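Scroll down for the structure; my scribbles are underneath it.
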Amino acid sequence: MQKFSITLIAVGFSALAANADSNHATHQQGAVVSPVNETTRASFDILAAHAHRNANQVTFHMTTNGEAGVDVPAPAGAVGGAPVWSYVWPTSLDPSAVGFEGETGILALAVTSHPDFDDTPLADENRDGDPANDGLIWHSHWIVLAPTEACGAGALAVRDIPEGETPQLPATWPGFPIFLDSPGFTPLFEGPEVTVNVGFASNVDLEGVAYDGVTAALRVDANIHAPLLCVTDVFDVASGDLSLPGKIE
């Protein structure tokens, strides 16, 4: 009887694992599929990116060639020059869909880790009673990306808010002078998969929204001035050319 019970448990776990695998981005119809790149760190080497919706909720997920989320940046010791590592889903949604000023750049969902600072003042990710010490723990943001030559030829940055300007911003904007929101959507990691479940207002049209998948490093400017947060290294792009070939159905 004991052996039979253990066998049933083993079969149950195998079935759960198989079901989990079947939900990975690599197994989804319409996913943006990317070939293995042995020169890219496995946890950031994208195999597939996918997004699908249920009414006004969208599940963004990405399959990597290694264990997603296992690698995080080493601290720089200060906010100026601090590294940020990220899993990103650029979309064709206008930034106004989540509360930013409209027509201001590329709206992207990002899952980030950065040990030198905390930009989620309304969340206590490590549940220690201090919401300002857990930037290292993977967390979600909406960001608006814009071409920024000051970061390098053809480079992108999180759009700055120049001094004196007061653009429309989401209610959960964390106070940084950039187009950054901290909505509190919890990223989930399971082996090679990172998943974020996102809610939108009921009046946001999500049908056919285009998306892509990117893994990248960003860096806070060493002097804490514009541009504040530049994309410094693109690890992988699911489409290869940031053409946003995926469609939310």
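Take the sequence shown: its letters are residues -20 to -1, 1 to 229, numbered as in mature numbering (1 follows the signal peptide of the UniProt record, and there is no 0).
Glycine is no exception: its CB is placed at the ideal position from the N, C-alpha and C atoms.
All values reported here derive from a predicted model rather than from experimental measurement.
- Which two residues bound the contiguous beta strand (DSSP E) that contains Ser72? In the sequence shown, the residue the question calls residue 72 occupies position 92. Segment: none, Ser72 is in no beta strand (DSSP E) and carries neither H nor E.
- Task: Specify the secondary structure class of Ser2 as computed by DSSP and reduced to three states.
- Result: By one-based count along the sequence shown, residue 2 stands at place 22. Helix, per DSSP.
- Determine, using beta-carbon pairs with one atom in the segment 101 to 114 and one in the segment 125 to 139, whether at least three such pairs fall under 8 Å. no
- Item | Cβ distance (whole Å) where Gly49 is taken to contact Ser23 below 8 Å | As a position in the sequence shown, residue 49 is number 69, starting the count at 1. As a position in the sequence shown, residue 23 is number 43, starting the count at 1. Rounded, the Cβ-Cβ distance is 7 Å, consistent with contact.
- What are the residues that DSSP puts in a beta bridge with His94? Residue mapping note: residue 94 aligns to position 114 of the sequence shown, counting from 1. Answer is none; His94 lacks a bridge partner.
- Task: Closer than 6 Å by C-beta to residue 232: which residues in its own chain qualify, once you throw out the five before and the five after it? Chain order, please.
- Result: The shown model of the chain, from -20 to 229, leaves out residue 232, and the question about it has no answer.
- Task: List the DSSP bridge partners of Glu173.
- Result: Within the sequence shown, residue 173 is the residue found at index 193, counting from 1. Note: Glu173 sits in a beta bridge opposite Thr43, Glu170.
- Query: DSSP on Ser120, reduced to helix/strand/coil?
  - Reply: For the purposes of this step, residue 120 is taken as the residue at position 140 of the sequence shown. Ser120 falls in the strand class under three-state DSSP.
- Query: DSSP on Leu32, reduced to helix/strand/coil?
  - Reply: Locating residue 32 in the sequence shown gives position 52, counting from the first residue. Leu is not the amino acid found at residue 32; the sequence shown has His there. Residue state, collapsed to three classes: strand.
- Message: On the DSSP letters alone, give me the boundaries of the beta strand (DSSP E) that Val50 sits inside.
- Response: As a first step, residue 50 must be located in the sequence shown, where it is residue number 70. It is not in any beta strand (DSSP E) - Val50 carries neither H nor E in the DSSP assignment.
- Message: Buried or exposed, going by whether 16 or more other CB atoms sit within 10 Å of the CB of Ala133?
- Response: Here residue 133 corresponds to residue number 153 of the sequence shown, with the count starting at 1. Exposed, because fewer than 16 other Cβ atoms sit within 10 Å of the Cβ of Ala133.
- Between which two residues does the beta strand (DSSP E) carrying Cys210 extend? The sequence position of residue 210 within the sequence shown is 230, counting from 1. That run of the beta strand (DSSP E) goes 209 to 217.
- Task: Report yes or no: do three or more beta-carbon pairs, one from the segment 120 to 131 and one from the segment 85 to 94, lie closer than 8 Å?
- Result: yes
- Item | Ala22 (DSSP reduced to helix, strand or coil) | The residue you call residue 22 lines up with position 42 of the sequence shown. Of the three classes helix, strand and coil, the one that applies to Ala22 here is helix, per DSSP.
- Message: Rounding to the nearest angstrom, what Cα-Cα distance links Ser14 and Trp65 in this structure?
- Response: Residue numbering aside, residue 14 sits at position 34 when the sequence shown is read from its first letter. Residue numbering aside, residue 65 sits at position 85 when the sequence shown is read from its first letter. When rounded, the distance between both Cα atoms is 20 Å.
- Item | Contacts around His30, its chain only, beta-carbon distance under 6 Å, and the 5 residues preceding and following it disregarded | Taking the first residue of the sequence shown as 1, we reach residue 30 at position 50. The residues are Ala5, Gln8, Ala11, His41.
- Run through DSSP, which three-state label would Val13 get? Along the sequence shown, one-based indexing puts residue 13 at 33. Strand at Val13.
- CB-CB under 6 Å to Ser172, same chain, minus the five flanking residues each way: which ones, in chain order? The count along the sequence shown starts at 1 and reaches residue 172 at position 192. Per the sequence shown, residue 172 should be read as Pro rather than Ser. Closer than 6 Å at the Cβ level, and outside the excluded window around Pro172, lie Thr43, Thr44, Ala48.
- If you draw a straight line from the alpha carbon of Ser93 to that of Gly115, how long is it in whole angstroms? For the purposes of this step, residue 93 is identified with residue 113 of the sequence shown, where counting begins at 1. For the purposes of this step, residue 115 is identified with residue 135 of the sequence shown, where counting begins at 1. So the two alpha carbons sit approximately 6 Å from each other.
- Task: For Ile86, write down the residues that DSSP places opposite it in a beta bridge.
- Result: Walking along the sequence shown from the start, residue 86 turns up at place 106. According to DSSP, Ile86 bridges with Leu125.
- Query: Given that a residue counts as buried once 16 or more other Cβ atoms are within 10 Å of its Cβ, and exposed if not, what is Ala54?
  - Reply: Looking up residue 54 in the sequence shown gives position 74. With fewer than 16 Cβ atoms within 10 Å of its Cβ, Ala54 is classed as exposed.
- Query: If you draw a straight line from the alpha carbon of Phe165 to that of Val176, how long is it in whole angstroms?
  - Reply: By one-based count along the sequence shown, residue 165 stands at place 185. By one-based count along the sequence shown, residue 176 stands at place 196. Spanning the two alpha carbons is a distance of roughly 7 Å.
- Query: For the beta strand (DSSP E) that contains Leu149, what are its first and last residues?
  - Reply: Position 169 of the sequence shown, counting from 1, holds the residue named residue 149. No beta strand (DSSP E) holds Leu149; DSSP gives it neither H nor E.
- Message: Counting C-beta neighbours from all protein chains within 10 Å, is the total for Ile158 16 or more, i.e. buried, or is it exposed?
- Response: One-based indexing of the sequence shown puts residue 158 at position 178. So Ile158 ends up on the buried side.
- Helix or strand or just coil, what does DSSP make of Ala197? Locating residue 197 in the sequence shown gives position 217, counting from the first residue. Strand, per DSSP.
- Task: Output the distance between the C-alpha atoms of Tyr67 and Phe215, rounded to the nearest integer angstrom.
- Result: Against the sequence shown, residue 67 aligns to sequence position 87. Against the sequence shown, residue 215 aligns to sequence position 235. The alpha-carbon atoms of Tyr67 and Phe215 are separated by roughly 10 Å.
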